[in-house]
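Chains as they are written, first to last, in UniProt numbering: chain B, 1 to 307; chain F, 1 to 285. For every residue, glycine included, the Cβ atom is placed at its ideal position computed from N, Cα and C. Notes to accompany the following structure.
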């Protein structure tokens, strides 16, 4: 340590050693992280208890009973079905639409850039407020969309208030809000692809559809996968749009995981069941986000390698 | 690229028109509604020609909701203020906590750094209610229920991972050599961080802050579960407002427009950063 004294400051100040520095820098963020982990583990404990806010005296550990109950609980299977249907439909449509729009806007022209900026607007709308907007537009009395549906001959089309069409309606709202997100990711991906393969294909006179299937799609796959997984993780947890639009109704047509857990907690005050539902949703998203992160790391490695 | 046939040009034109129609029409229509009285809104068939009125906006701003039969106090401006305050404060806290941590994760490899970074990222994916439901009980016990402080802390769940991952990516893209050179010239670590690393990552920090602000502003579930009326942001307030005001549809529309205007303005002002931030946050890191 003797060489370090050369040119040392005259006054000794409090100094953080090099080894401690990263910990000191990330400590505040870590503390917040621990603050989040505590409620997380509490939720794990709740999920193993018979716990109703209305019957605090009957609170006790029943271990896996909440989970076992799900096996014979029709409303749980309905929740699972509704959540999966919602996620697959929304993400599927968003992917196809997003890819289509990204391909339409692929060329860097003034007009295309203008349109892609306009498409940011739905994405910048809070999903809960987007649901309210669509609620106003689908109002059976004065809603413009109800009017359109009527004039097209769909006189008994009741949008979100009919169990038959409620799912379709909220999926449309989800598509409206989030397609631009997929579009932006894919547009960024498309515009970052190397040009040589396309030029070579053009020189050889390869048909356009063949170029799309054999060059564009494979090179775009990492972006597609990321976009889909990202949206999948979020839409299986959808709450804002559904709650703001129908509060899970009509009946149990739209009781997705988080809505069902919310209703269980605040209406039936069944904390144990609510926590168990959240644990199952967490397991699903954990599985999905692991695929997401692996794919994302691979993509990052590749980009690092290229630059 | 190749030559385009006239047919293709026409088809492209139709497709783009449909896209613009689908994505822009709801916003256009709600703006129209916000300038209408209930009488013109309820007209069938709907018409785009009407006498525009500012009474909906006036009602929201003065807090006096005048229906045909009565007058009602509403706190919409209070909701708007809550949104502004919660989002700004959350982003400020997120930056203070997140930027140094992001720097540590990018530059200083240390034991467990990847694991910690991943744990923080994983909060981005966890179902919000998983954490929120136990928190409602805890918040009651420790007196954080319905306080700005408690909400700002919970908002870190969205803000912090976003800032951490976008800013980290930016720090990693800055060549470390510049910092080494500056340090060899005899400067302290802290000076180097302040004078070299922070300014170079400036655009990334700005993009992350913007995006975090918008995500915080748009959030619904945290405040729905943890805040009561006087602390609610517009996303939750607007929903309560519908049930309270009953049939004043023009005012609901005006409320929606006022609540989404700030994020639209930000998006227009900083679209380049924002698009970059969005694709970075999701794809690159």
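Secondary structure at residue 65 of chain B: helix, using DSSP grouped into helix, strand and coil. Interface with chain F (8 Å Cβ-Cβ cutoff): residue 165 of chain B is excluded.
Your pair residue 30 of chain B and residue 116 of chain F checks out as a contact, with CB atoms roughly 7 Å apart and the cut at 8 Å.
Contacts with chain B (Cβ-Cβ distance below 8 Å) from the stretch 174-205 of chain F involve 186 and 189, listed in chain order. Ranked by how close their Cα comes to the Cα of residue 85 of chain F, the residues F:192, F:217 and F:42 have F:217 in first place.
The shortest CA-to-CA distance from residue 132 of chain F to any of B:278, B:293 and B:297 is the one to B:278. Residue 149 of chain F and residue 156 of chain F have their alpha carbons spaced roughly 11 Å apart. With respect to the 8 Å criterion, residue 223 of chain F and residue 60 of chain F are not classified as neighbours on the basis of their beta carbons. Identification of chain F residues near residue 285 of chain B by a Cβ-Cβ cut-off of 8 Å yields 125, 126 and 127, ordered along the chain. Counting the other CB atoms within 10 Å of its CB gives residue 159 of chain B a total of 16 or more, which places it among the buried residues.
Our two residues, residue 62 of chain F and residue 32 of chain F, have alpha carbons roughly 21 Å apart in a direct line. Separation of the CB atoms of residue 209 of chain F and residue 174 of chain F is rounded to 18 Å, and the pair is thereby denied contact status at 8 Å. By the C-beta density criterion, residue 20 of chain B is exposed, having fewer than 16 other C-beta atoms within 10 angstroms. Considering only beta carbons, the part of the stretch 205-224 of chain F lying closer than 9 Å to chain B consists of 214, 217, 218, 219, 220, 221 and 224, in chain order. With contacts defined as CB atoms closer than 8 Å, residue 271 of chain F and residue 105 of chain B fail to qualify as a contacting pair.
Rounded to whole angstroms, the separation of the alpha carbons of residue 228 of chain F and residue 20 of chain F is 38 Å. Of all residues in the stretch 236-263 of chain F, only 236, 238, 239, 242, 249, 252, 253, 256, 259, 260 and 263 place a beta-carbon less than 8 Å from a beta-carbon of chain B.
Of all residues in the stretch 17-48 of chain F, those with a C-beta nearer than 8 Å to a C-beta of chain B are 19, 20, 22, 23, 24, 26, 27, 29, 30, 33, 41, 42, 43, 44, 45 and 46, reading in chain order. DSSP links residue 60 of chain B through a beta bridge to B:50.
With a contact defined as Cβ atoms closer than 8 Å, residue 90 of chain F and residue 159 of chain F qualify at about 5 Å. The stretch 163-171 of chain F and the stretch 94-111 of chain F touch, with three or more beta-carbon pairs separated by less than 8 Å. Chain B places no beta carbon closer than 8 Å to that of residue 52 of chain F, leaving this residue out of the contacts. In the DSSP assignment, residue 55 of chain F falls within the alpha helix (DSSP H) that extends over 55-62. The residue from B:217, B:207, B:206 and B:204 with its alpha-carbon nearest to that of residue 193 of chain B is B:217. When beta bridges are read from the DSSP output, residue 270 of chain B appears opposite B:52. The C-beta of residue 164 of chain F comes closer than 8 Å to at least one C-beta of chain B.
Residue 64 of chain B and residue 178 of chain F have their C-alpha atoms some 56 Å from each other. A Cβ-Cβ contact shorter than 8 Å links residue 182 of chain B with residue 98 of chain B. Cβ neighbours of residue 186 of chain F within its own chain (closer than 6 Å, five residues either side excluded): none.
For residue 81 of chain B, the uninterrupted alpha helix (DSSP H) segment begins and ends at 74-104.
Assignment of beta-bridge partners to residue 73 of chain F by DSSP yields F:64.
Between residue 174 of chain B and residue 90 of chain B a beta carbon distance of about 4 Å is seen, short of the 8 Å cut, so the two are scored as contacting. Distance check between residue 88 of chain F and each of F:265, F:188, F:256 and F:214 places F:214 closest, using alpha-carbon atoms only. Close to residue 75 of chain F, with beta-carbon spacing below 9 Å, lies no residue of chain B; the smallest spacing is near 17 Å. Counting every other CB atom within 10 Å of its CB across the protein chains shown gives residue 275 of chain F a total of 16 or more, marking it as buried. When Cβ-Cβ separations below 8 Å define contact, residue 122 of chain F makes contact with chain B.
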